[in-house]
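Numbering follows UniProt numbering, in which position 72 of the sequence shown is assigned residue number 72; successive positions increment by one, without gaps.
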Amino acid sequence: MLSHLTDNLELWRIGLTNTVMLTALGVFFGFFVAIPIAAARLSSNKLLSKAAFGYVYIVRGTPLLVQIFIIYYGLGQFHKELKAIGVWWFFRDAFNCGLLAFTLNSAAYQSEILRGGILAVPKGVIEAGSALGLTTLQIFRRIIMPITVGRMLPAFGNELVLLLKASSLVSIITVRDVLGQARFIYAQTFDLSVFYIAALNYLIVVMIIEAIWRRLERRNAWLKYTGN
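And the structure:
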C-alpha cells in the first residue's frame, strides 16, 4: 500500500489540492450566495420569501450527485447557446461545474443556518442599535451578522466537513480529486488498498478542519454571547 503512496505522490498532491479547493471555494462562495437567500426567507414580501423557500427546498430535497449531473451533463446539451453568450468556457470544465454545484448546494444549507442564527438574535440588541441611530443595513452588517456568524460557527464547521466528504462525487464527472486519483491508480493496479490511502487523505483534512474550528471557538469568547 505504501508503494502506491510514495510512487504517486504528485497524483495524490494534485488530488488533495483539487478536493480542498473545491470544498473551501464551495463553502466560501456559498456563504455569500446564502446571505441574500436567508434575507429573502425572512422578508415580509411573500413572493420573495416563497421563491427563496422553493430554492432551499429543491436543493436540500435532491441529491447532490443529481445536481452535479444536471449542471455538467444537462447544461452541456446547450453548448451552442452557452457559446453564443460567451460562458461555454466555464461549463465545459468539469472542475467549474463541480464548484458551481457545490456553491449552490452549500448556499441552500448555509442560508438555513443563517436564518436560524438571525432569528435567534435578541430583539433588545437590535433595538439598541436603532437607539444609537444606526440604519437597518448598519444594524444587519455590524450587529446581526457578527452575532449570527459567531453563534453559527459550529454549524458552519459541520457544513464544511460534510461538503468535503461529498466532494468525492465530482470524480464521477472526471475531476481528478482524491477519489478520482484513487480510481485512476486502481484502474492501473487493481489494488483496493489505494482507496485506504484516499480515505486517509479525507480523514487528515477532516481532523485539520476540526482542530481549526475548536481553536476558533476557544479564542472567541464573544461566541458565547446569549443576549443576557
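All C-beta atoms in this analysis are idealised placements derived from N, C-alpha and C, irrespective of residue type, glycine included.
Below 8 Å on the Cβ atoms is my guess for L164 versus T23; work out the distance and round it to an integer in Å.
Indexing the sequence shown from 1 puts residue 164 at position 164. Indexing the sequence shown from 1 puts residue 23 at position 23. Yes, they are in contact, since the Cβ atoms of L164 and T23 sit about 4 Å apart, within 8 Å.
How long is the line joining the alpha carbons of L25 and E159, rounded to whole angstroms?
For the purposes of this step, residue 25 is taken as residue 25 along the sequence shown, with counting starting at 1. For the purposes of this step, residue 159 is taken as residue 159 along the sequence shown, with counting starting at 1. For L25 and E159, the distance between alpha carbons rounds to 13 Å.
Test item: CB-CB of V161 and N18 under 8 Å
Locating residue 161 in the sequence shown gives position 161, counting from the first residue. Locating residue 18 in the sequence shown gives position 18, counting from the first residue. Pairing V161 with N18 gives a Cβ-Cβ distance that is not under 8 Å.
How would you label G117, buried or exposed, when you count the other beta carbons within 10 angstroms and need 16 or more for buried?
Walking along the sequence shown from the start, residue 117 turns up at place 117. G117 should be labelled buried.
Measure the Cβ-Cβ separation of F102 and N96 and say whether it is below 8 Å.
The sequence position of residue 102 within the sequence shown is 102, counting from 1. The sequence position of residue 96 within the sequence shown is 96, counting from 1. Contact flag unset, no.
Short Cβ contact (8 Å threshold) for I35 with L114
One-based indexing of the sequence shown puts residue 35 at position 35. One-based indexing of the sequence shown puts residue 114 at position 114. Taking 8 Å as the cut-off, the Cβ atoms of I35 and L114 count as close.
Beta-carbon spacing of A38, A51 below 8 Å:
The sequence position of residue 38 within the sequence shown is 38, counting from 1. The sequence position of residue 51 within the sequence shown is 51, counting from 1. In this structure, A38 keeps its C-beta atom at 8 Å or more from the C-beta atom of A51.
Enumerated in chain order, which unbroken segments of the beta strand (DSSP E) with a length of 3 residues or greater are wholly contained in the segment 76-131?
If we require 3 residues or more, the segment 76-131 turns out to have no beta strand (DSSP E) run fully inside it.
If you compare alpha carbons, which of A199, I212, K46 and L216 is closest to residue 237?
Because the chain is modelled from 1 through 228, residue 237 falls outside the range shown and cannot be assessed.
Same chain, Cβ closer than 7 Å to N45, neighbours up to 5 away in sequence not counted
Numbered from 1 along the sequence shown, position 45 holds the residue referred to as residue 45. Answer for N45: no residue qualifies.
Given Y186, which residues of its chain have a CB within under 6 Å of its CB, disregarding the five upstream and five downstream residues?
The count along the sequence shown starts at 1 and reaches residue 186 at position 186. Annotation for Y186: V194 place their beta carbon closer than 6 Å to its own, counting only its chain and skipping 5 residues before and after.
Between which residues of its own chain and W12 is the CB-CB distance below 8 Å, once the five residues before and five after are set aside?
Residue numbering aside, residue 12 sits at position 12 when the sequence shown is read from its first letter. Excluding residues within five positions, the ones whose Cβ falls inside 8 Å are L5, V178, Q181, I197 and N201.
Within the continuous alpha helix (DSSP H) that includes I197, where are the two ends?
Numbered from its first residue, the sequence shown carries residue 197 at position 197. Taken as a continuous stretch (DSSP letters only), the alpha helix (DSSP H) holding I197 covers S193 to R219.
Terminal residues of the alpha helix (DSSP H) in which Y72 lies
Your numbering for residue 72 matches position 72 in the sequence shown. From DSSP, Y72 is part of no alpha helix (DSSP H); its letter is neither H nor E.
Pull up the distance between the alpha-carbon of T135 and that of R141, whole angstroms please.
Within the sequence shown, the letter at position 135 stands for residue 135. Within the sequence shown, the letter at position 141 stands for residue 141. Straight-line Cα distance between these residues: approximately 10 Å.
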